[in-house]
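Scroll down for the structure; my scribbles are underneath it.
Encoded structure:
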């Protein structure tokens with residue numbers, strides 16, 4: 636089945652689970668009145684739990700050898716770095732601040748110790764760049780391939796978490812950095828946009844945001860669906876990476892091919908966000924992020940659907956995990 | 636290498652990591668002054684993070700098919716239940732209250748959807764018994780065996796978390812329930828002792844605690860090492876399970892064999908704790924846990940080492956994961 640099919644089962648299942656718990660509060664000896672409660676629907680970049688004093692952000696990702704990386708061609712410290720970086724990117728997508736993480740490993744028996752140390756050698760420096768404490772986890776060995784699962788906690792931004800559901804008609808849609816061609820290396824070396832997201836939300840008040848992990852065309856639809864809106868995209872405004880241009884160079888129509896890479900390639904891990912037009916104009920004029928361009932790529936519309944400026948539909952795209 | 640060898644590398648590595656972060660606080664745009672900081676050494680049952688208002692407990696475990704369970708012989712809903720239960724047991728070991736959890740799955744491609752739903756059908760009811768919200772996670776498919784990784788957050792007990800390092804000479808050592816023979820089924824059906832731990836700490840003020848996952852003889856040594864003390868055990872007082880007696884029935888010396896099972900079998904997931912003698916006497920007289928006997932099994936000594944009452948050393952034992 637497809638990932639979206641699975642999520643269409645999981646979301647109502649978890650919502651019913653949460654509802655049953657509201658009804659059964661008081662069954663535990665610890666006080667349930669100030670017990671943590673989920674305040675985002677499952678499916679946002681992180682969960683947001685109300686825990687009495689400030690909100691707890693919570694996310695987890697699992698990466699498997701042969702699926703999300705290839706240990707045959709990738710130095711293991713970059714695998715460790717990526718396993719944490721994808722979680723940091725999820726926190727960035729809420730404009731959250733990282734606090735702590737756990738690391739679970741299923742190591743191949745042969746060479747497990749060296750591999751584990753190499754994973755940590757990539758993971759720990761990245762954690763320290765963002766003030767994140769690696770607090771524990773679980774280390775195992777088996778006859779299977781490497782699996783690394785990182786769970787992360789963080790705190791919400793003082794202005795609140797930026798969810799997928801906040802986009803309103805008239806908002807401008809912007810992205811950080813350049814898009815496409817991540818497979819050439821960016822997916823292992825990307826900078827989780829934590830500082831950028833924190834600063835953007837603080838200074839410009841974002842309405843909706845996510846990190847681009849499955850490709851702009853697919854990911855933007857998550858915002859549109861969650862917000863009950865549509866969008867009009869400007870094809871000429873898509874910020875196309877050098878890597879996307881390299882991949883497109885041999886194609887019959889390299890300009891269009893590069894645009895397709897920018898639109899559909901996964902693992903950009905850039906921010907896609909919406910904000911009111913006036914704030915967006917200030918932001919685009921200021922370009923406040925050193926070395927990280929911000930581009931307006933379109934506008935949110937009351938009419939649903941994702942279309943180009945001329946009115947034609949943007950083809951469905953984006954990576955879908957199948958299982 | 637052995638698990639203990641690995642932890643002997645990981646603990647100082649993570650302590651140095653934490654130390655570097657204390658030195659570099661202020662490098663992030665979010666306020667680092669009230670940033671979460673680790674207040675347990677890595678190696679306790681859960682991490683304890685100071686997060687401004689109350690402590691955050693954090694733990695994670697990963698279970699792999701063929702290592703921690705066998706999908707060939709185990710109904711998947713019991714696998715899902717166990718994956719959460721082992722994490723709840725870690726929280727119980729701190730006398731903590733559960734709040735939220737994430738679930739990461741690596742599913743075999745064939746039959747992945749049915750398997751995933753069955754895992755959740757065992758996991759969700761257990762979560763609801765304890766007021767725990769399943770807040771999110773990550774679902775993947777691959778050609779490998781099932782891997783399930785659960786991370787959990789909780790809140791500390793109002794009397795503080797019960798760590799491994801709090802045992803003092805003169806404390807009595809107690810356990811809940813009966814021990815040994817978990818392999819016959821208990822490891823899939825056990826009750827995480829969350830309610831029991833909360834109540835015991837509230838009413839009797841525990842000094843040190845852990846949950847028995849690798850066998851009493853090995854696990855108790857963790858408390859002794861962390862607390863810098865020793866212990867004298869009463870062989871006749873070990874509460875031996877019916878399952879341990881069944882396993883021992885065919886042996887030349889079934890009484891001794893059953894005791895060895897109680898002492899060394901893993902996955903009891905009962906509580907082992909120490910508390911002052913006066914409180915222990917009150918506790919043992921009251922037996923306040925319905926259906927769950929509490930047994931005194933020994934006393935904490937200033938002299939290091941783990942010995943029987945006669946003075947002979949308790950043989951090294953307990954399960955060690957090798958990788």
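Protein chains in written order, with our numbering: chain E, 636 to 958; chain G, 636 to 958.
Built from N, CA and C at the ideal position, the CB exists for glycine as well.
- Identification of residues in the stretch 715–736 of chain G having a C-beta nearer than 9 Å to some C-beta of chain E yields 731, 732, 733, 734, 735, 736, given in sequence order.
- Rounded to the nearest angstrom, the gap between the Cα atoms of residue 819 of chain E and residue 901 of chain E is 12 Å.
- Around residue 773 of chain E, the beta-carbon contacts reaching into chain G at under 7 Å are 695, 696, 697.
- For residue 848 of chain G, none of the residues of chain E pass the 8 Å Cβ criterion, the least Cβ distance being about 11 Å.
- Collapsing the DSSP output to three states places residue 943 of chain G in a strand.
- Look at the stretch 643–656 of chain E: the residues with a C-beta under 8 Å from a C-beta of chain G are 644, 645, 648, 649, 652, 653, 655, 656.
- Only 742, 744, 747, 748, 751, 752, 755 from the stretch 742–756 of chain E bring a Cβ to less than 8 Å from some Cβ of chain G.
- Put simply, the backbone Cα of residue 821 of chain G is about 18 Å away from that of residue 884 of chain G.
- Under the Cβ criterion of 7 Å, residue 663 of chain E is counted among the residues facing chain G.
- For residue 929 of chain E, there are no neighbours in chain G by C-beta distance under 8 Å, as the nearest C-beta there is about 17 Å away.
- Cα atoms of residue 717 of chain E and residue 638 of chain G: separation of roughly 25 Å, rounded to the nearest angstrom.
- The CB of residue 684 of chain G comes closer than 9 Å to the CB of 734, 735, 768, 770, 788 in chain E, given here in chain order.
- The beta carbon of residue 857 of chain E sits closer than 7 Å to the beta carbons of 799, 845 from its chain, once the five residues preceding and following it are set aside; these are given in chain order.
- If you keep only unbroken beta strand (DSSP E) runs of at least 3 residues inside the stretch 859–905 of chain G, you get 865–868.
- Within the stretch 820–831 of chain G, 830 place their CB atoms closer than 7 Å to a CB of chain E, listed in sequence order.
- Exclusion of the five residues before and after residue 777 of chain E leaves 741, 742, 743, 744 as the residues of its chain whose Cβ lies within less than 8 Å of its Cβ.
- In this structure, G:646 is the residue among G:942, G:646, G:936 with its C-alpha nearest to the C-alpha of residue 752 of chain E.
- Burial state of residue 852 of chain E is buried, judged by a 10 Å Cβ sphere holding 16 or more other Cβ atoms.
- At least 7 Å separates the CB of residue 905 of chain G from every CB of chain E.
- One Cα belongs to residue 692 of chain G, the other to residue 937 of chain E, and the distance between them is close to 43 Å.
- By the C-beta density criterion, residue 828 of chain G is buried, having at least 16 other C-beta atoms within 10 angstroms.
- By the CB criterion at 7 Å, residue 896 of chain E and residue 836 of chain E fall outside the cutoff.
- Between residue 701 of chain E and residue 738 of chain E, the CB-CB gap reaches or exceeds 7 Å.
- At a cut-off of 7 Å between beta carbons, residue 763 of chain G contacts chain E.
- The Cβ neighbour count for residue 690 of chain G, taken over all protein chains shown within 10 Å, is at least 16; the residue is labelled buried.
- Under the 10 Å beta carbon count, residue 640 of chain G is surrounded by fewer than 16 other beta carbons and is classified as exposed.
- For the stretch 773–832 of chain E, the full-length beta strand (DSSP E) segments reaching 3 residues or more read 782–790, 807–811 along the chain.
- The secondary-structure analysis by DSSP pairs residue 918 of chain E with nothing; it has no beta-bridge partner.
- Per the coordinates, the alpha-carbon of residue 794 of chain G lies some 17 Å from the alpha-carbon of residue 682 of chain G.
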